[in-house]
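Residue numbers (the working numbering): 40 to 226. Note that CB positions come from ideal geometry on N, CA and C, so glycine has one too. See structure below.
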């Protein structure tokens, strides 16, 4: 289920009960065009233990990606796991999503997000930072949310322009190409 609208959402008890019984575990996906940075949602009446806020860009990516039930999906650079859990829900728990990242801290965040969401068709694998992926060609789809400069978030995070340097862009571009090249081998 998705709740569309502003970040301030009030649910009736019957709506809250309906969301609590949904087939994806005790998860509510909230779609919003408002800035979500720093927003903390408090579960209502103990019915939920997880809210996932997704902006319109993430929704667009997932709608275009459109995983189907029964597919094998690889989510590279998956942490913190919002898109991963949304894909698992879109697949109605059928098929499998392999969620991966390279850093142990990001893997822990990913595991926590998936466990909290109740998604049962997701497996987490830490992949090497360099070299090929530890998979054979078996995936129907691969989602790559590659590391980037972050400059696309200037509206939401204007201070990022002070934390980035044009000198970083060639290395990021090279990393993105390596990730995509490795991903192409396993689809």
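Item, Value
"Keeping to the same chain, check which residues put their C-beta closer than 7 angstroms to that of residue 208; ignore five residues upstream and five downstream.", "188"
"Which first and last residues belong to the alpha helix (DSSP H) in which residue 149 is found?", "143 to 156"
"Kindly list the residues whose CB is nearer than 6 angstroms to the CB of residue 133, restricted to its own chain and excluding five residues on each side of it in sequence; keep chain order.", "108 and 109"
"Is it true that the region 112 to 120 meets the region 146 to 165, where meeting means three or more beta-carbon pairs spaced less than 8 angstroms apart?", "yes"
"Reducing DSSP to helix, strand and coil, say where residue 194 ends up.", "coil"
"By the three-class DSSP mapping on this structure, what secondary structure does residue 115 have?", "strand"
"Would you mind stating whether residue 221 and residue 156 have Cβ atoms separated by less than 7 angstroms?", "no"
"On the DSSP letters alone, give me the boundaries of the beta strand (DSSP E) that residue 180 sits inside.", "180 to 183"
"Could you pull the start and end residues of the alpha helix (DSSP H) that residue 210 belongs to?", "208 to 223"
"Measuring alpha carbon to alpha carbon, tell me which of 178, 182, 177 and 206 ends up nearest residue 97.", "182"
"Would you identify the three-state DSSP class for residue 161, choosing helix, strand or coil?", "strand"
"For residue 105, does the three-state DSSP call read helix, strand or coil?", "coil"
"Do residue 137 and residue 162 have their C-beta atoms within less than 7 angstroms of each other?", "yes"
"Distance, Cα to Cα, residue 158 vs residue 131?", "9 angstroms"
"Would a C-beta distance cut-off of 7 angstroms place residue 177 and residue 139 closer than the cut-off?", "no"
"Tell me, which residues are paired with residue 139 by DSSP?", "164"
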